[in-house]
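Student:
There are 2 protein chains.
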Amino acid sequence: MEKQVNNFEDKLRDNSLKLTGPRQCILNYLACNRDKHLTADDIHRLLLQNDEKVGIATVYRTLALLEKLELINGIYLEDGCVRYQLMDTKEKHEHHHLICEKCNRIIDMQDDLLERLERQVNEKYGFCVKNHKVKLYGICKECGQMKD
Amino acid sequence: MEKQVNNFEDKLRDNSLKLTGPRQCILNYLACNRDKHLTADDIHRLLLQNDEKVGIATVYRTLALLEKLELINGIYLEDGCVRYQLMDTKEKHEHHHLICEKCNRIIDMQDDLLERLERQVNEKYGFCVKNHKVKLYGICKECGQMKD
DNA sequence: GTTAGTGCAAAGAATTTGCAAATAG
DNA sequence: CTATTTGCAAATTCTTTGCACTAAC
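Residue numbers (numbering that gives the first Met the number 0), protein chains in the order written: chain D, 0 to 147; chain W, 0 to 147.
#1: With 8 Å set as the bound, which would you pick, yes or no: does the beta-carbon of leucine 112 of chain W sit closer than that to a beta-carbon of chain D?
#2: Closer than 8 Å, Cβ to any Cβ of chain D: which residues of the region 114 to 137 of chain W, in chain order?
#3: Any idea if glutamine 48 of chain W is buried or exposed, counting beta-carbon neighbours within 10 angstroms, 16 or more meaning buried?
#4: Quick check on glycine 79 of chain W: buried or exposed, where buried means 16 or more other Cβ atoms within 10 Å of its Cβ?
#5: Mind checking if cysteine 102 of chain W is an interface residue toward chain D, Cβ cutoff 8 Å exclusive?
#6: State buried or exposed for leucine 70 of chain W, treating a residue as buried only when at least 16 other CB atoms are found within 10 Å of its CB.
#7: Would a C-beta distance cut-off of 8 Å place isoleucine 138 of chain D and cysteine 99 of chain D closer than the cut-off?
#8: Please classify lysine 132 of chain W: is it buried, with 16 or more other beta-carbons within 10 angstroms of its beta-carbon, or exposed?
#9: Hey, how far is the Cα of cysteine 127 of chain W from the Cα of glutamate 90 of chain W?
#10: Please decide whether isoleucine 106 of chain D counts as near chain W, where near means a Cβ-Cβ distance under 8 Å.
#11: Would a check of beta-carbon distances place leucine 68 of chain D closer than 8 Å to chain W?
#12: Taking the alpha-carbon of glutamate 122 of chain D as reference, which of W:Glu51, W:Lys140, W:Arg60, W:Cys31 has the nearest alpha-carbon?
#13: Does leucine 97 of chain W have its Cβ less than 8 Å from a Cβ in chain D?
#14: Evaluate lysine 101 of chain W with the Cβ neighbour count: other Cβ atoms within 10 Å of its Cβ, from every protein chain shown; 16 or more gives buried, anything less gives exposed.
#15: Is valine 133 of chain D helix, strand or coil by DSSP?
#16: On the three-state DSSP scale, how would you describe glutamine 119 of chain W?
#17: Return yes when the Cβ of leucine 26 of chain W is within less than 8 Å of the Cβ of leucine 65 of chain W, no when it is not.
#18: Could you have a look at aspartate 40 of chain W and say whether DSSP puts it in helix, strand or coil?
#19: In whole angstroms, what is the alpha-carbon distance linking glycine 168 of chain W and cysteine 24 of chain D?
#20: Could you tell me if glutamine 109 of chain W is buried or exposed, where buried requires 16 or more neighbouring beta carbons within 10 angstroms of its beta carbon?
#21: For valine 58 of chain W, which residues in the same chain have their Cβ closer than 6 Å to its Cβ, ignoring the five residues on either side in sequence?
#22: As a quick exercise: from W:His96, W:Asn72, W:Leu97, pick the residue whose alpha carbon is nearest that of threonine 88 of chain W.
#23: Ignore the nearest five residues each way along the sequence and tell me which others in tyrosine 124 of chain D's own chain have a CB closer than 6 Å to its CB.
#24: Applying the criterion that 16 or more other CB atoms from any shown protein chain within 10 Å of the CB defines a buried residue, is glutamate 114 of chain W buried or exposed?
#25: Near isoleucine 105 of chain W, which residues of its chain fall below 6 Å by C-beta distance, leaving aside the five closest residues on each side in sequence?
#26: To which residues of the same chain is cysteine 33 of chain W closer than 7 Å at the C-beta, ignoring the five residues directly before and after it?
#27: When you compare the CB of lysine 35 of chain W with every CB in chain D, is at least one pair closer than 8 Å?
#28: When you compare the CB positions of leucine 116 of chain D and valine 120 of chain W, do they come within less than 8 Å of one another, or not?
#29: Would arginine 118 of chain D be called buried (16 or more neighbouring beta carbons within 10 Å of its own) or exposed?
#30: Are the CB atoms of leucine 62 of chain W and lysine 10 of chain W nearer to each other than 8 Å?
#31: When the Cα atoms are used, what is the spatial distance from alanine 30 of chain D to phenylalanine 7 of chain D?
#32: Give the C-beta separation of leucine 16 of chain W and tyrosine 28 of chain W to the nearest angstrom, bearing in mind that I take them to be a contact with Cβ-Cβ under 8 Å.
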């Protein structure tokens, strides 16, 4: 978390952008909830709950900025709103998500098992893979165990 | 294509839904453009161009129906609108998409190389994979060859 | 002080909904 | 004939934008 915040300050400086209250706040919330997948609205609501008066427009603008600076990743599910999560600096690519079709939980998955696939894509399609977004849909352990 | 249309008629009958002009038309457009990735608006525009007077609401309702009947798949890109494509009845899962970050082309990829990954997910997370959505981002062959 | 960032309210885009009229079975 | 579907326009949802005001550097 420290690392990302420092990283953020550097990236802002490099682009002559300003380190403002709302920006610090929003990055902080994401850093404290790296396991969650928050929408702009979630973050806005969280801020208001903690008496941080930040407009929703600023939340959107900050999330767009953080995504451009490659500090967060957007996840696009089927419900029409984007969810964000802090990027793991150790990751080469984005990590994968398991989405339970019963409880709608989103489970993070760190394994990077797509290297072989990416190599084959390069050979067969001449396509040079830079990033990937993998979502696996199914039934999670807990839901699978319930005998409804 | 014949197969899908028949399949469609059966599925409608099974659910006491009606086979209407707009529904046939829309499925037909998708069947004739299985390699494309059309938005509701694309389809609506196509229909109007061919003097089929169908309201945009009907297009949305029909696409939702076709998706529920598992005849088409929705692809959720970063531009905020859903694109649809006829499902290939031969496929176990959805196929993958390569998205070029330069020309924004979407390339279909039939290989199903995720079986090993899915097996490991099942072992490690107890998660039973039913479907997947894989998008690989990068630079396509043509864009990679351009020396701009 | 200058430039970038913010909040607000209004605009925009994609999609959904309510309802009376139309149509398939 | 009856239940489903349609078209239209209005509503909704998520997101973006314009602009005067504020805050970083």
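Idealized CB from N, CA, C, for every residue including glycine.
On a predicted model such as this, the values are computed, not experimentally measured, just so you know.
Tutor: This is what the structure gives:
#1: Walking along the second sequence from the start, residue 112 of chain W turns up at place 113. Closer than 8 Å to some Cβ of chain D, the Cβ of leucine 112 of chain W qualifies, so yes.
#2: Those residues of the region 114 to 137 of chain W that come within reach of chain D (Cβ to Cβ, closer than 8 Å) are Arg115, Leu116, Glu117, Gln119, Val120, Lys123, Tyr124, Gly125, Phe126, Cys127, Val128, Lys129, Asn130, His131, Lys132, Val133, Lys134, Leu135, Tyr136, Gly137.
#3: Taking the second sequence and counting its residues from 1, one reaches residue 48 of chain W at position 49. Its Cβ having fewer than 16 others within 10 Å, glutamine 48 of chain W is exposed.
#4: Locating residue 79 of chain W in the second sequence gives position 80, where the first residue counts as 1. Burial call: exposed.
#5: By 1-based counting over the second sequence, the position of residue 102 of chain W is 103. For cysteine 102 of chain W, the answer is no, since every Cβ of chain D falls outside 8 Å of its Cβ.
#6: For the purposes of this step, residue 70 of chain W is identified with residue 71 of the second sequence, where counting begins at 1. It is buried - the Cβ of leucine 70 of chain W has at least 16 other Cβ atoms within 10 Å.
#7: The residue you call residue 138 of chain D lines up with position 139 of the first sequence. The residue you call residue 99 of chain D lines up with position 100 of the first sequence. Against a cut-off of 8 Å, the Cβ pair of cysteine 99 of chain D and isoleucine 138 of chain D comes out as a contact.
#8: Taking the second sequence and counting its residues from 1, one reaches residue 132 of chain W at position 133. Buried, because 16 or more other Cβ atoms sit within 10 Å of the Cβ of lysine 132 of chain W.
#9: Walking along the second sequence from the start, residue 127 of chain W turns up at place 128. Walking along the second sequence from the start, residue 90 of chain W turns up at place 91. Their Cα atoms are separated by approximately 18 Å.
#10: On the first sequence, position 107 is the one that residue 106 of chain D refers to. With 8 Å as the cut-off, isoleucine 106 of chain D counts as an interface residue toward chain W.
#11: Locating residue 68 of chain D in the first sequence gives position 69, where the first residue counts as 1. No, no contact with chain W.
#12: For the purposes of this step, residue 122 of chain D is taken as residue 123 along the first sequence, with counting starting at 1. Checking every option, the nearest Cα to that of glutamate 122 of chain D belongs to W:Lys140.
#13: Start at 1 with the first residue of the second sequence, and residue 97 of chain W comes out as number 98. Yes, leucine 97 of chain W lies at the interface with chain D (some Cβ there is under 8 Å from its Cβ).
#14: Locating residue 101 of chain W in the second sequence gives position 102, counting from the first residue. Label assigned to lysine 101 of chain W: exposed.
#15: By one-based count along the first sequence, residue 133 of chain D stands at place 134. Secondary structure of valine 133 of chain D (DSSP, three-state): strand.
#16: Residue 119 of chain W sits at position 120 when you count from the first residue of the second sequence. Note: glutamine 119 of chain W maps to helix in three-state DSSP.
#17: Taking the first residue of the second sequence as 1, we reach residue 65 of chain W at position 66. Taking the first residue of the second sequence as 1, we reach residue 26 of chain W at position 27. The answer is yes: Cβ separation under 8 Å.
#18: Along the second sequence, read from residue 1 onward, the residue named residue 40 of chain W stands at position 41. Helix at aspartate 40 of chain W.
#19: Because chain W here runs from 0 to 147, residue 168 of chain W falls outside it and cannot be looked at.
#20: Against the second sequence, residue 109 of chain W aligns to sequence position 110. The residue is exposed, with fewer than 16 neighbouring Cβ atoms inside 10 Å.
#21: Locating residue 58 of chain W in the second sequence gives position 59, counting from the first residue. Once the five neighbours on either side are set aside, the close Cβ partners of valine 58 of chain W are Ala39, Ile42, His43.
#22: Taking the second sequence and counting its residues from 1, one reaches residue 88 of chain W at position 89. Among W:His96, W:Asn72, W:Leu97, the Cα nearest to that of threonine 88 of chain W is on W:Asn72.
#23: Position 125 of the first sequence, counted from the start, is the residue given in the question as residue 124 of chain D. Nothing meets the Cβ criterion.
#24: Working through the second sequence from its first residue, we reach residue 114 of chain W at position 115. Around the beta carbon of glutamate 114 of chain W, fewer than 16 other beta carbons lie within 10 angstroms, which makes this residue exposed.
#25: Counted from its first residue, the second sequence places residue 105 of chain W at position 106. His36, His96, Ile98.
#26: Position 34 of the second sequence, counted from the first residue, corresponds to residue 33 of chain W. The question names cysteine, yet the displayed sequence has arginine at residue 33 of chain W. Closer than 7 Å at Cβ, skipping near neighbours: Gln84, Leu85.
#27: Here residue 35 of chain W refers to the residue found at position 36 of the second sequence. Cβ-Cβ to chain D under 8 Å: no for lysine 35 of chain W.
#28: Taking the first residue of the first sequence as position 1, residue 116 of chain D is located at position 117. Taking the first residue of the second sequence as position 1, residue 120 of chain W is located at position 121. No, these two residues do not count as a Cβ contact at 8 Å.
#29: The residue you call residue 118 of chain D lines up with position 119 of the first sequence. Classification for arginine 118 of chain D: exposed.
#30: Along the second sequence, read from residue 1 onward, the residue named residue 62 of chain W stands at position 63. Along the second sequence, read from residue 1 onward, the residue named residue 10 of chain W stands at position 11. No. Outside cutoff.
#31: Here residue 30 of chain D is taken as the residue at index 31 of the first sequence, counted from 1. Here residue 7 of chain D is taken as the residue at index 8 of the first sequence, counted from 1. Taking the straight line from one Cα to the other gives about 12 Å.
#32: Along the second sequence, read from residue 1 onward, the residue named residue 16 of chain W stands at position 17. Along the second sequence, read from residue 1 onward, the residue named residue 28 of chain W stands at position 29. Actually they do not touch by this definition, with Cβ atoms about 19 Å apart.
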